[in-house]
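Per the numbering used here, residue 27 is the first one in the sequence shown, and the count goes up by one each step.
All C-beta atoms in this analysis are idealised placements derived from N, C-alpha and C, irrespective of residue type, glycine included.
Here the structure is a predicted model, which means the values were calculated and not measured.
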Amino acid sequence: PPNPAELLKSERLDSMMEELRATYDYILLDNPPYGVVVDALLCARVADRTIYVVRSGLFDKRALPDLQELYE
Numbered sequence: 027p028p029n030p031a032e033l034l035k036s037e038r039l040d041s042m043m044e045e046l047r048a049t050y051d052y053i054l055l056d057n058p059p060y061g062v063v064v065d066a067l068l069c070a071r072v073a074d075r076t077i078y079v080v081r082s083g084l085f086d087k088r089a090l091p092d093l094q095e096l097y098e
């Protein structure tokens with residue numbers, strides 16, 4: 027689609043995740059940095075867990091609860 031976010035909102039992603047879950051124990055979805063695009067938020071709906079990778083010294087860990095709230 028012209029807008030990649032449309033694909034992440036589609037049933038195609040749901041179907042793909044169902045197929046992958048039937049085969050694999052772990053599936054990692056790598057996304058662009060939060061705030062750049064909405065991909066991470068859209069993928070969160072099909073994820074069981076979210077792992078945040080942050081740069082030491084550049085991320086204020088006090089902001090983590092606010093960030094986590096966005097994904098709930």
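Asked: Are the beta-carbon atoms of VAL72 and ALA31 separated by less than 9 Å?; Found: no
Asked: Please report the straight-line C-alpha distance between LEU90 and ASP65, rounded to a whole angstrom.; Found: 18 Å
Asked: Can you give the Cα-Cα distance for VAL80 and ASP40, rounded to whole angstroms?; Found: 28 Å
Asked: How many angstroms separate the CA atom of GLU95 from the CA atom of GLU44?; Found: 26 Å
Asked: Report the residue from LEU67, ARG75, LYS35 whose alpha carbon sits nearest the alpha carbon of PRO58.; Found: LEU67
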